[in-house]
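Notes follow once the structure below has been shown.
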Amino acid sequence: MLARLFRLHGLLVASHPWEVIVGTLALTVCLVSMNSLTAGSQMCSWNECPKVEEKIHSSDTIILTVTRCMAIVYIYFQFKNLRQLGSKYILGIAGLFTVFSSFVFSTVVIHFFGKELTVEPYGKVCSLLSCALAKFALSSNSQEEVRENISQGMAILGPTFTLDALVECLVIGIGTMSGVPQLEIMCCFGCMSVLANYFVFMTFFPACVSLVLELSRESREGRPIWQLSHFARVLAEEEDNKPNPVTQRVKIIMSLGLALVHAHTRLAAEHPNQNRSVEGPIAKKLDFGGTMWPMSMGLEQVITLSLALLLAVKYVFFEQTETESSFSLKSPIISSSPTQKPKVSGEYCRGDPVAPKPQKIMNGISVNNPTSPSVSELSPEADRTFRNKGARFLSDAEVMNLVTSRNILNYKLETVLETPERGVAIRREILSPKLPVPSALGCLPYKDYDYSKVMGTCCENVIGYMPLPVGVAGPLLLDEKQFYIPLATTEGCLVASTNRGCRALSLSGGCRSRILADSMTRGPVVRLPSACRAAEVKVWLETSDGFRLIKDAFDQTSRFARLEKLLVGLAGRNLYIRFQSQTGDAMGMNMLSKGTEQALHRLQQQHPDMEVLSLSGNYCTDKKSAAINWILGRGKSAVCEATIPANVVKEVKTSTTTALVELNINKNFVGSAMAGSVGGFNAHAANIVAAIYIACGQDPAQTVGSSNCITQMEPAGPQGEDLYISCTMPSIELGTVGGGTNLPPQQACLQMLGVQGTSQTHPGENARQLARIVCATVLAGELSLMAALAAGHLVKSHMTHNRWCISLLFCFGSKCNYFLSES
Numbered sequence: 010m011l012a013r014l015f016r017l018h019g020l021l022v023a024s025h026p027w028e029v030i031v032g033t034l035a036l037t038v039c040l041v042s043m044n045s046l047t048a049g050s051q052m053c054s055w056n057e058c059p060k061v062e063e064k065i066h067s068s069d070t071i072i073l074t075v076t077r078c079m080a081i082v083y084i085y086f087q088f089k090n091l092r093q094l095g096s097k098y099i100l101g102i103a104g105l106f107t108v109f110s111s112f113v114f115s116t117v118v119i120h121f122f123g124k125e126l127t128v129e130p131y132g133k134v135c136s137l138l139s140c141a142l143a144k145f146a147l148s149s150n151s152q153e154e155v156r157e158n159i160s161q162g163m164a165i166l167g168p169t170f171t172l173d174a175l176v177e178c179l180v181i182g183i184g185t186m187s188g189v190p191q192l193e194i195m196c197c198f199g200c201m202s203v204l205a206n207y208f209v210f211m212t213f214f215p216a217c218v219s220l221v222l223e224l225s226r227e228s229r230e231g232r233p234i235w236q237l238s239h240f241a242r243v244l245a246e247e248e249d250n251k252p253n254p255v256t257q258r259v260k261i262i263m264s265l266g267l268a269l270v271h272a273h274t275r276l277a278a279e280h281p282n283q284n285r286s287v288e289g290p291i292a293k294k295l296d297f298g299g300t301m302w303p304m305s306m307g308l309e310q311v312i313t314l315s316l317a318l319l320l321a322v323k324y325v326f327f328e329q330t331e332t333e334s335s336f337s338l339k340s341p342i343i344s345s346s347p348t349q350k351p352k353v354s355g356e357y358c359r360g361d362p363v364a365p366k367p368q369k370i371m372n373g374i375s376v377n378n379p380t381s382p383s384v385s386e387l388s389p390e391a392d393r394t395f396r397n398k399g400a401r402f403l404s405d406a407e408v409m410n411l412v413t414s415r416n417i418l419n420y421k422l423e424t425v426l427e428t429p430e431r432g433v434a435i436r437r438e439i440l441s442p443k444l445p446v447p448s449a450l451g452c453l454p455y456k457d458y459d460y461s462k463v464m465g466t467c468c469e470n471v472i473g474y475m476p477l478p479v480g481v482a483g484p485l486l487l488d489e490k491q492f493y494i495p496l497a498t499t500e501g502c503l504v505a506s507t508n509r510g511c512r513a514l515s516l517s518g519g520c521r522s523r524i525l526a527d528s529m530t531r532g533p534v535v536r537l538p539s540a541c542r543a544a545e546v547k548v549w550l551e552t553s554d555g556f557r558l559i560k561d562a563f564d565q566t567s568r569f570a571r572l573e574k575l576l577v578g579l580a581g582r583n584l585y586i587r588f589q590s591q592t593g594d595a596m597g598m599n600m601l602s603k604g605t606e607q608a609l610h611r612l613q614q615q616h617p618d619m620e621v622l623s624l625s626g627n628y629c630t631d632k633k634s635a636a637i638n639w640i641l642g643r644g645k646s647a648v649c650e651a652t653i654p655a656n657v658v659k660e661v662k663t664s665t666t667t668a669l670v671e672l673n674i675n676k677n678f679v680g681s682a683m684a685g686s687v688g689g690f691n692a693h694a695a696n697i698v699a700a701i702y703i704a705c706g707q708d709p710a711q712t713v714g715s716s717n718c719i720t721q722m723e724p725a726g727p728q729g730e731d732l733y734i735s736c737t738m739p740s741i742e743l744g745t746v747g748g749g750t751n752l753p754p755q756q757a758c759l760q761m762l763g764v765q766g767t768s769q770t771h772p773g774e775n776a777r778q779l780a781r782i783v784c785a786t787v788l789a790g791e792l793s794l795m796a797a798l799a800a801g802h803l804v805k806s807h808m809t810h811n812r813w814c815i816s817l818l819f820c821f822g823s824k825c826n827y828f829l830s831e832s
């Protein structure tokens, strides 16, 4: 019942962050206002406080100094624990909102009770529970999950934090009965700070976390920037780490005992024979040290400040390297769920009566099996190093032993060692003996590569990188601008041929392009109980009210994705729903997937009998040849055109307009129709698309749909001797942010074209410009290849470039020599 109450409270706070934050600030302002109205001569105000002479004994100073030093040391070790928790992001959230708000609120509360707080160094470290609550929020994939996870986290952490705050207040409250005036004042302030911190943790902190994640919930790629893989199973982890019921009972008994002590003390204080009166030291001004700091500094303040500076210097200059432990944002804390059965090491035979205990994996390292066979094989010194400092201080051979015994997971080598290149090298050493040719990896380079850009984004289990030659074609004159096109390929003549087409276009005044459409698609499949029910849902989705409901849910997931239309197909009792939306400068599949998933949740609420079979039902269609993409388009739809004068056709292309037009009809139209081609009414559009995609960090598999192209040629000009050529490409799927575009070499190629990253003035313009460049380069390649085919140069040019021993047989031909000189 108590957990359910805290869960509802957490859901309320996370769902209404603005209201909670404004309400907290309003309460603080009200307390300040009430303080200014009620301040009288008998109590301290913000600016002045009646001076009360008091005699400070040396014993009081010693007690106060020791207490302050203990508090600073405690704060220091708490901060180190927070630094090792796993994330500067969490530490920043917890520290910023908890420390600042607790201090401000505590100060207001103290002034409300008529006290004055003089300036003195004071630190209130946020609770580890605040960081745990932040982990619950960061483990979410959407804002809806943020609220749900915060509520679940509050249900788990709320009762514990409430009891801890109560015990802390009662324990600190004992200091108010010590008889040391300054210690009593400090303990009073400590109790108020604990209460303020509890108030902040229950209201202000979760509201701020929810609001911060909502405002920064999406990256350029469409993924939540705060979705961290090492918090993926934080719910199960915290459930397992719930406090022991026995410990909770002890705290409750302790709380009752402390409450009785406080009650007895208060009753005794009211007795007229007591030396203490109600007007105790608490009524004195909160002037620590007896003077206004820093106008005059007492001995205890000097000792306290010196200790704080000493610990700060020790941390910054002597512990920074060790503090940056293997717990980082790039490494998951838990990489195997509690319910997942680990693989049995090869050291255990099938007939062993006792199976190994499941290993708990932390940061890719087995941590709950201190006597595991692999670790025991290490030398005592190496064993201590592995347990205390981590695997990065071990030798390569020792790390390989730990990987073989699965004490370190193979795919986590880069993270565990904190040196990606070393992790790749060790993985290669482990893999090489298992290959048919052990020396096979010798020619696959791996050094001097920025693997930090690859980890968690582009590739896993990395063993090296594949160097590809990148050629340049151009200048390509497109829309009165010149572009130099990077082409990554291993096909001879491709760059030369494309370069030849670019030259012909430049001599003809360039080409012109337009973007016809810009929208990515995702097509899930859902199932209804019957075909009639499926038809009813289809009709509902096609109504304005149905579309509006789905659109509202879809649009909430992204700053860029806005649902434009739905196309619903029916097959029996299955519904295939094609979502269509713009995606800014990203290719957008992740963005569409996230929005589609949220829209399906809303649809399922509207029609509870609906079952989601798959987020992708091939109705998109992605990375497969499909007529729907050819007809309706997908990604960017572009068209490019140019008119080639007769003299350029004759001199550069060594052909005629009549021959090119006739060849285009019989090859690209009739030939493709005879083959039953879908979107393949071109000579070799996929050649150009694949080369640009590889060079610019696109998904090479998208070449399947992106190379849909129809190439048209017509006679033009007064005499019909000029050549009009156009390429129409309805489904160019690409982006300038996300995925492989984040890698430095691919970014360099995008920068060559002036389209790297996100357009600051017009989001999505960089991706659209890249689509126009692709279409124009395809046109140049089509023009060159068709001219070569018409003139009979194709085989000669390939033999010349790829077979130098045979090229001598052909280079005596005037046409071949002309081709080489012109290209």
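Remember, the working numbering sits 9 above the position in the sequence shown when you count from 1.
Don't be surprised by glycine CBs; every beta carbon is placed ideally from N, CA and C.
Here's the rule: buried if 16 or more other CB atoms are within 10 angstroms of the residue's CB, otherwise exposed. What is residue i?
i: Cys452; result: exposed
i: Gly510; result: buried
i: Glu469; result: exposed
i: Phe210; result: buried
i: Pro739; result: buried
i: Gln491; result: exposed
i: Leu622; result: exposed
i: Arg16; result: buried
i: Asn717; result: buried
i: Lys560; result: buried
i: Arg396; result: exposed
Residue i by DSSP, collapsed to three states: which one?
i: Asn470; result: coil
i: Pro533; result: coil
i: Thr709; result: Sequence inspection shows Pro at residue 709; the Thr mentioned does not correspond to that position. Note: Pro709 maps to helix in three-state DSSP.
i: Thr720; result: strand
i: Lys456; result: coil
i: Gly867; result: It is not possible to answer for residue 867, since the shown part of the chain is limited to 10 through 832.
i: Arg401; result: helix
i: Leu14; result: helix
i: Met841; result: Shown here, the chain extends from 10 to 832; a query on residue 841 therefore has no answer.
i: Cys520; result: strand
i: Gln589; result: strand
i: Lys574; result: strand
i: Glu620; result: strand
Using only the alpha-carbon positions, how far apart do residue i and residue j sit?
i: Ala699; j: Ala35; result: 59 Å
i: Thr33; j: Asp527; result: 45 Å
i: Thr745; j: Ile701; result: 12 Å
i: Lys659; j: Ala482; result: 22 Å
i: Lys339; j: Gly465; result: Bear in mind that the predicted position of Lys339 carries a pLDDT of just 37, short of 50, making it unreliable; the figure below should be weighed with that in mind. The alpha-carbon atoms of Lys339 and Gly465 are separated by roughly 8 Å.
i: Val657; j: Leu550; result: 54 Å
i: Glu650; j: Ser522; result: 7 Å
i: Leu411; j: Ile439; result: 11 Å
i: Arg571; j: Phe563; result: 7 Å
i: Pro389; j: Glu430; result: 27 Å
i: Ala1; j: Gly399; result: Any answer about residue 1 is impossible in this case: the structure gives the chain only from 10 up to 832.
i: Gly532; j: Leu579; result: 12 Å
i: Glu606; j: Lys676; result: 44 Å
i: Gly597; j: Gln711; result: 12 Å
Leaving aside the five residues before and after residue i along the sequence, list all residues of the same chain whose C-beta is less than 6 Å from its C-beta, in chain order.
i: Pro26; result: Ala216, Ser219 and Leu220
i: Leu516; result: Val657
i: Gly555; result: Trp549
Who pairs with residue i in a beta bridge, going by DSSP?
i: Gly773; result: For Gly773, which the question treats as bridged, DSSP gives no partner whatsoever.
i: Val479; result: Ala497
i: Ile674; result: Answer by DSSP bridge pairing: none, since Ile674 is not bridged.
i: Asn416; result: DSSP lists no partner for Asn416.
Enumerate in chain order the residues of its own chain whose CB-to-CB distance from residue i is below 8 Å, with the five nearest sequence positions on each side excluded.
i: Lys462; result: Asn751, Leu752 and Pro753
i: Ile435; result: Asp405, Val408, Met409, Val412, Leu422 and Leu426
Quick one: what's got a C-beta closer than 7 Å to residue i's C-beta in the same chain, skipping five residues either side?
i: Ser160; result: Arg16, Gly19, Leu20 and Ala23
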